Structure formats: C-alpha cells, structure tokens
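Only one structure is covered here, and it is reproduced in the block below.
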Amino acid sequence: MPKALVIVESPAKAKTIEKFLGKSHYVVKASVGHIRDLPKSRLGVDIDNNFEPEYINIRGKGDVIKDLKKEAKKATKIYLATDPDREGEAISWHLSYILGIDVDSACRIEFNEITKDTIKKSIKKPRKINTDLVDAQQARRVLDRLLGYQISPVLWQKVRRGLSAGRVQSVTTKIICDRENEINKFIPEEYWTIDVISEIDGKEIDFSLSGKIEDISLLKNNNVSANKLTKLNLKNKNEVDYILEQINDGKLEVFDIDTKIRRRVAVKPFTTSILQQEAVNRLGFTTKKTMKIAQELYEGVDVADEGTVGLISYIRTDSQRLSDEAKNAAKDFIYSNYGDNYHIKDKRNQVKSSKKSQDAHEAIRPTSTNRTPDSIKDSLSRDQFKLYNLIWRRFVASQMSDAIYENLSISCNIGEYVFKATGSKQIFDGYTKVYNFSEREDKILPQIEVGNKLTVDEIKPEQHFTQPPARYTEASLVKTLEELGIGRPSTYAPTIGTILTRGYVEKIGSSLKPTELGFIVTEILEENFEMLTDVDFTAKLEDWLDKIEDGDMQWKKVVSDTYRPLESSIKEAIEKIEKINMDIETDEVCELCGSNMVIKHGRFGKFMACKNYPECKNTKPVVDKIGVKCPKCGDGDIIIRKTKNGRNFYGCSNYPNCDFIEWKKPTGENCTVCGSYMIEKITRKETTSVCSNGECETNKKNNKADAKK
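All letters in the sequence shown, in the order written, are residues 0 to 708 by numbering that gives the first Met the number 0.
Spelled out as structure tokens, the structure:
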C-alpha cells in the first residue's frame with residue numbers, strides 16, 4: 000500500500016514519530032542533519048555575483064540521499080518535519096530541492112513537542128516552506144563562511160595554522176579578554192566594618208554599623224522618620240579606632256523595630272539560555288552537555304509502560320510563553336498535589352515577550368506535568384534524570400504562588416552611631432516547595448521592644464578589601480551574551496566549545512580564562528577587523544537577521560553591507576601584520592645537539608622541538624609538570640596526562656616503571672592523620688586540600704561538616 004513520507008533530521012526522532020503515526024500509513028526517514036551545504040574545500044560564495052552561494056551535496060550523504068529519493072518516488076505525499084527554527088527550515092528547503100518538491104506546496108509541518116497528539120495535529124496542518132526563515136539562515140551561513148574563510152587564513156599566516164575567526168566567537172573571546180584585563184588592572188581598596196555582639200535570652204545577636212545620626216535629639220522626640228542617616232565609608236584603621244573610642248562602654252538603645260512582609264516572586268519557565276545557566280550552576284553541567292542531554296529528552300526516551308516518547312518541548316527558544324493547555328495541566332497538578340493556595344492567582348504567569356525574543360516557540364517544559372521525575376527515574380540515565388528533574392520542577396514552580404517572608408529589622412544606637420540587626424522567617428513556602436536547592440534556616444530574633452537597652456558583649460572591627468570582578472563561568476558568559484544580544488540560543492554552547500578547542504580560552508576550575516593566544520588573536524582582530532570584535536555591531540547584525548526572518552530586509556544586502564567594509568581590511572592586514580612567533584624557549588636541552596628545546600604548536604596540540612631546526616629535527620611531547628614529586632615512587636615528577644577523550648589525569652613521569660595515577664591534583668603534602676598524600680578538592684565556592692584515602696577520619700569529619708552546611 001502506498002504511504003506518505005515524513006522526513007526529520009534525527010534517526011531517534013524518526014523512530015519516535017513513526018510509532019505515533021503508524022507504519023501502515025507512514026514511512027518516517029531521517030536526513031541525519033544537513034544534506035546540502037557550502038563546499039569545505041573552497042569559499043563557495045560568488046562575491047562578484049551578488050554573493051550567490053554554491054551549495055553541493057555533503058560528502059558521505061550519498062546513501063541517505065539515494066534512500067530518500069527512493070522513498071519519495073513511492074510516497075503519496077511528502078512531509079518535511081525538520082526542527083521548527085531557521086536551521087530546520089533551511090534543511091527542509093534543501094530537501095525540497097533534492098527531492099523536487101515545490102516550495103510553495105503544503106509540504107512543511109512543525110511541532111513544538113514530540114507527543115502523539117501533537118504529531119497527529121501537525122500532520123493535518125501542513126504549510127509551505129517559509130523562505131524568509133531560509134533567507135535568514137542563508138545570510139548567517141554565508142556571512143560565517145566569508146568571515147571564516149577570508150580572515151582565518153590571515154591568522155594562519157601571521158600566528159599559526161588551525162586558528163579561526165568568526166562573527167560570534169571573536170567577540171565572545173574579546174569579552175573574556177576584557178574581563179581579564181579588568182581583573183589585572185584592578186587595585187584593591189581597603190574598607191572596614193564594625194559589628195557589635197549582644198547576647199539576648201542566651202542567643203547572640205549581631206548588630207552591624209549602618210550609619211551615623213545627624214541629629215540625635217530626633218530620637219528622643221521619636222521623630223526617627225525625619226532623621227537622615229549618614230552612611231559611613233570606613234577606609235582605614237584610624238577612622239575605625241575613632242568610632243571604637245566613641246562606642247566603648249556604651250549600650251545599644253533600641254529606637255526602631257520594623258516588620259515587613261516580602262514576597263519572593265515565583266521563577267519563570269526555562270528559555271534555552273536560562274536552562275544552560277541553571278544546569279551549570281545547579282548540576283555542574285557544561286553548556287554542551289546540557290544541550291546534548293536536552294536533545295535526547297526532546298527527541299524521545301523509552302519510558303516503561305509507554306514506549307518511546309518525547310519528554311520535553313523544543314529546546315531552542317528565547318520565549319517564556321506557555322500555552323493555555325500547559326498552564327491548565329500545571330494548575331490541575333498543583334491543585335491535586337499541593338492545594339489551591341499554591342497555584343498562582345494573578346496574571347504574572349502571563350509572560351510578555353521581550354523585544355529581543357523571537358517568541359517562535361514556547362518555553363522549555365515537560366510534555367506532561369503528570370510524568371513526574373520520580374515516576375520515570377528508572378527509564379532515564381543519571382544525567383537525563385537530573386536535567387529532566389530541573390526542567391519539570393522549574394515549569395511547575397513557574398505556575399505556583401510566591402514564597403512569603405516576614406523580615407524584622409531592629410535599629411539601635413550607641414550615641415550617634417546606628418547599628419542594625421535583621422531577621423527573617425518564611426511564612427509560606429509557595430513555589431520553593433518544588434524549586435529549592437538549598438536548605439534555608441529562618442533567622443529568628445528575640446522579642447525586643449523600643450526603648451530596651453542591650454549590653455554590648457563584644458565589638459568586632461574587621462578589615463576587608465574590595466575584590467576584582469569575577470572571571471566568567473559558562474553560566475555568566477551565556478547570561479552576558481544574551482543581555483548584549485550576541486548570538487542566539489542555539490549558538491551559545493558551540494561558541495564556547497569553539498573558543499576552548501581553539502585554545503583562545505582555558506578552563507580554570509569552572510572559570511573561563513583567556514590564554515596568551517586568545518589575547519594575541521583578539522588584538523590582531525581589534526586592530527585590523529574592528530567590526531568583528533564590536534559588541535554593538537554584532538548585536539545589530541542579529542537584529543538584521545531577525546528582520547530578514549520577518550521579511551523586512553533582503554538577505555544579500557545584509558551580507559554586502561557587512562562584508563564590503565571588511566574586504567579591503569583583509570588585503571591590508573596580510574601586508575601590515577608582522578609574523579608572530581608563538582614558540583616558547585625552555586631550559587630543556589636537546590639530547591642530540593645540545594641546543595635548547597622550544598614549545599611549538601601543531602595540529603595535534605603542543606610539542607617540543609629543537610631550536611636548531613631544520614639542522615636538528617628532534618621532537619618530543621610536552622610534559623606538564625605540576626611541581627610535585629610522585630607519592631608512590633618518590634623519584635618521578637607528577638605530570639598532567641590526557642585520556643583518549645581529552646580528560647586530564649595525573650601520572651608519574653617514570654611510567655611505565657611507576658604506575659601512579661590520580662584523577663585529582665596531588666598537592667605535595669601528606670595527611671597528618673593517616674600519612675596518605677593530599678589532593679585538591681574543587682567546589683563552586685573554594686579549593687581545599689583533602690586526604691586521598693577515602694577511609695581517613697579527616698574525610699569523614701569533612702563530609703559531616705559539608706552535610707550540615
């Protein structure tokens with residue numbers, strides 16, 4: 000019997016959709032991503048012919064194309080069901096060309112989630128291919144090709160091969176370099192705080208200096224509201240000592256007690272960027288890992304008693320909008336499981352889209368609220384469960400009431416100096432019943448009345464220094480890129496991956512630090528291709544791509560306006576920029592000729608070569624020593640090695656004679672309790688030394704302390 004053909008990108012998605020539609024009436028095939036693209040071996044864009052792109056069938060896709068053509072000939076109808084975004088629309092457009100489908104025919108279907116009802120509804124409402132979306136993707140692809148293939152060779156000639164420049168990656172690297180420059184130029188400033196401790200009913204209360212009263216007589220007339228408090232900026236010990244003299248032997252006189260009710264507004268559902276940020280902060284995932292697992296949850300997971308089903312809605316979105324159907328389902332779930340007082344009552348869940356939001360899709364949410372994380376935990380991998388749990392909780396919490404707190408502030412004075420203590424207790428948990436990642440303890444202050452005089456049990460002056468801005472993490476970088484309008488949800492993870500792979504940036508713990516290479520490349524691009532590192536221009540270009548999508552701009556004009564100013568700069572740069580020598584001379588001597596060895600960069604990373612090349616062609620791998628002797632043999636040095644997957648581990652330089660291996664960095668110290676070697680333990684807040692012996696008593700004590708925190 001003749002069947003209709005449905006084409007998607009992913010084999011996993013094809014399997015899920017075919018189950019929903021039924022094999023008796025539909026054949027579902029996967030294009031396995033793009034099938035046509037610009038050629039890899041040449042520019043593939045005719046600059047002199049109004050930037051006409053030259054598309055070819057991608058090498059290695061011959062069998063896929065042959066299979067699709069074969070099925071297309073037999074099909075009663077062809078539906079192109081690629082992802083509902085610019086890239087997905089472009090893939091459908093290329094498929095229509097390969098299969099001879101009229102782009103104006105009703106051949107395109109799209110869906111925001113892979114569930115049976117959604118798929119069946121979408122198959123009944125096909126539309127024609129949106130050429131405005133296709134043109135926006137063509138503009139992006141052609142620009143990326145022009146910039147990458149024209150400017151990257153300049154870096155190859157002047158710095159080294161394997162480097163690249165790009166519309167988003169270059170400005171992202173510059174943002175990270177600018178932050179590092181801020182940190183390097185930062186000059187710490189001294190400041191002091193003064194706390195006063197008073198014991199009330201057996202409980203210590205901490206009062207912090209908050210200012211100075213201009214006219215103390217106002218307190219006696221109970222005219223506090225008319226009083227203006229002068230903030231104190233204590234910059235040195237002399238200023239602190241003066242205040243200590245004034246308050247010494249004094250008592251805290253309570254002149255004001257203020258109670259306020261504060262609402263903590265419920266979280267909004269996930270966009271792509273917020274999901275990436277939360278997955279980094281809450282789960283310790285990289286942006287790349289987050290998107291990989293999210294794709295698996297979207298395309299379909301084999302769930303017990305259900306079969307393969309998509310668990311979350313489409314994962315590339317910058318909208319926080321939710322369908323009425325999704326909100327009603329959440330409402331029913333909240334009423335049934337928590338009570339009607341936990342459901343949001345006002346219209347704050349009617350999310351308005353920001354100007355930058357394309358609002359093409361809903362926020363990321365579970366496809367069924369009733370499919371709780373715990374109910375399907377056995378069907379998910381550990382990481383899938385973690386991410387699904389995060390998404391499910393965020394969605395449900397977004398439809399719940401605010402958390403409510405009672406804040407108490409007690410203001411006291413010692414002479415003209417005002418000290419304040421604050422307390423807080425939760426009076427309604429609201430959405431935090433579902434979306435809460437830390438144990439919060441109420442800070443209850445004792446019963447105190449205005450006019451009470453409290454004894455001062457301890458005065459604690461403390462010196463501080465202002466801190467430089469923090470390095471970006473993947474989470475904070477994604478947030479910054481989104482705020483600046485650079486890139487789009489689908490580009491954040493690959494952009495971060497690219498600058499790490501190219502060696503422009505390295506990870507120090509969870510922080511992103513620019514390398515010397517990153518600074519050099521950024522400086523070259525700033526001096527010679529200013530547009531490429533201009534934050535405002537990059538953001539404006541994203542707006543132009545949005546206008547192409549809306550049909551308000553012609554894509555080839557945008558390409559021309561962007562590329563033409565750079566065209567002359569490329570020729571000038573080749574003549575103007577001097578060759579930069581990235582070789583680093585070391586103290587290590589070549590065993591063949593006696594010259595010093597230098598560190599070079601090749602296509603497979605760093606290696607050591609003789610300075611006397613080409614007369615001496617001696618080379619050897621770079622050994623990254625950490626300055627610690629091997630705790631096993633005592634003779635070798637601990638060096639950083641890599642697994643086949645690129646993961647760092649620590650081993651002995653005497654391998655294979657010494658087989659010492661450790662995943663965490665040895666510190667060179669020994670445990671004072673059991674004598675085992677110590678290793679670094681890196682958390683989001685700090686780096687500490689712990690014993691490598693898991694059975695050591697010190698570790699057990701530390702684990703108990705961490706659990707209490």
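Every residue gets a Cβ at the ideal spot worked out from N, C-alpha and C, and that includes glycine.
The model shown is predicted, which means the values in this text are computed figures rather than measured ones.
With a cut-off of 8 Å on the beta carbons, I'd call residue i and residue j a contact; round off their distance for me.
i: I55; j: R35; result: 7 Å
i: A3; j: Y25; result: 5 Å
i: M399; j: H360; result: 23 Å between Cβ atoms; not a contact.
i: I498; j: T172; result: 5 Å
i: R178; j: P468; result: 6 Å
i: A492; j: L386; result: No, A492 and L386 are not in contact; Cβ-Cβ is about 14 Å, not under 8 Å.
i: S318; j: T366; result: Between T366 and S318 the Cβ distance is about 17 Å, and since that is not below 8 Å, they are no contact.
i: I256; j: Y416; result: With 8 Å as the limit, I256 and Y416 do not qualify as a contact, their Cβ atoms being about 18 Å apart.
i: I390; j: I311; result: 6 Å
i: G724; j: T15; result: The requested residue 724 does not occur in the structure, where the chain is confined to residues 0 to 708.
i: R710; j: P488; result: Lying outside 0 to 708, the shown extent of the chain, residue 710 is not represented and no answer is given.
Where does residue i fall in DSSP's three states?
i: F659; result: coil
i: H93; result: helix
i: E587; result: strand
i: K355; result: Caution applies to K355, whose pLDDT of 44 falls short of 50 and renders its modelled position unreliable; the value that the coordinates give is listed next. Correct three-state label for K355: coil.
i: C632; result: coil
i: Y313; result: coil
i: G486; result: coil
i: I579; result: coil
i: Q553; result: coil
i: G693; result: coil
i: F536; result: helix
i: D36; result: strand
i: K616; result: coil
i: D304; result: coil
i: V167; result: coil
i: T15; result: helix
i: A469; result: coil
i: E277; result: helix
i: T621; result: Inspection of the sequence shows that residue 621 is occupied by Val rather than by Thr. The answer is coil: DSSP assigns V621 none of H, G, I, E or B.
i: G517; result: helix
i: I363; result: strand
i: P152; result: helix
i: V709; result: Lying before the first or after the last residue shown, residue 709 is absent from the chain, which here runs from 0 to 708.
Give me the DSSP bridge partner(s) of residue i.
i: E505; result: K512
i: T192; result: E461
i: Q425; result: Y404
i: S688; result: E679
i: G5; result: The question names Gly, but residue 5 is Val in the sequence shown. According to DSSP, V5 bridges with V27 and Y78.
i: C592; result: Per DSSP, none; premise fails for C592.
i: G650; result: I638 and I660
i: F606; result: K599 and P620
i: N669; result: Y676
> Do the stretch 128-147 and the stretch 446-464 meet, that is, are 3 or more Cβ pairs less than 8 Å apart?
Replying inline: Touching, no.
>> Assess contact between the stretch 588-600 and the stretch 527-539, defined as three or more Cβ pairs (one per stretch) separated by less than 8 Å. Is contact present?
In response: no
> Where are the alpha helix (DSSP H) runs, 4 residues long or more, that stay fully inside the stretch 45-131, in chain order?
Replying inline: 61-73, 85-98 and 115-122
>> So within the stretch 196-268, which uninterrupted alpha helix (DSSP H) runs reach at least 4 residues, ignoring any that extend past its ends?
In response: Taking only runs of at least 4 residues, the alpha helix (DSSP H) segments lying wholly in the stretch 196-268 are 216-219 and 236-246.
> Taking contact to mean at least 3 C-beta pairs separated by less than 8 Å, is the stretch 625-633 in contact with the stretch 658-671?
Replying inline: yes
>> Threshold first: 3 residues or longer. Then list the beta strand (DSSP E) segments lying entirely within the stretch 366-422, N to C.
In response: List check, beta strand (DSSP E) in window: 402-413.
>> Assess contact between the stretch 383-400 and the stretch 415-434, defined as three or more Cβ pairs (one per stretch) separated by less than 8 Å. Is contact present?
In response: yes
> Taking the runs of the alpha helix (DSSP H) that are 4 residues or longer, which of them lie wholly in the stretch 427-465?
Replying inline: none
> Should the stretch 102-119 be called in touch with the stretch 78-89, which here means at least 3 C-beta pairs below 8 Å?
Replying inline: yes
>> Between the stretch 479-490 and the stretch 187-194, can you find at least three pairs of beta-carbon atoms closer than 8 Å?
In response: no
>> For the pair the stretch 158-169 and the stretch 514-523, tell me if three or more CB-CB distances fall below 8 Å.
In response: yes
>> Using a Cβ distance threshold of 8 Å, determine whether the stretch 493-512 contacts the stretch 297-305, with at least three qualifying pairs required.
In response: no
> Given 8 Å as the limit, is there contact between the stretch 435-446 and the stretch 228-243, that is, 3 or more CB pairs closer than that?
Replying inline: Contact fails between the stretch 435-446 and the stretch 228-243, because fewer than three Cβ pairs, one in each stretch, are under 8 Å apart.
> Is it a yes or a no for the stretch 202-216 touching the stretch 368-382, going by three-plus beta-carbon pairs under 8 Å?
Replying inline: no
>> Closer than 8 Å is the cut-off here; do at least three beta carbon pairs connect the stretch 245-264 with the stretch 402-414?
In response: yes
> Is the number of C-beta pairs between the stretch 118-138 and the stretch 87-97 that are closer than 8 Å three or more?
Replying inline: yes
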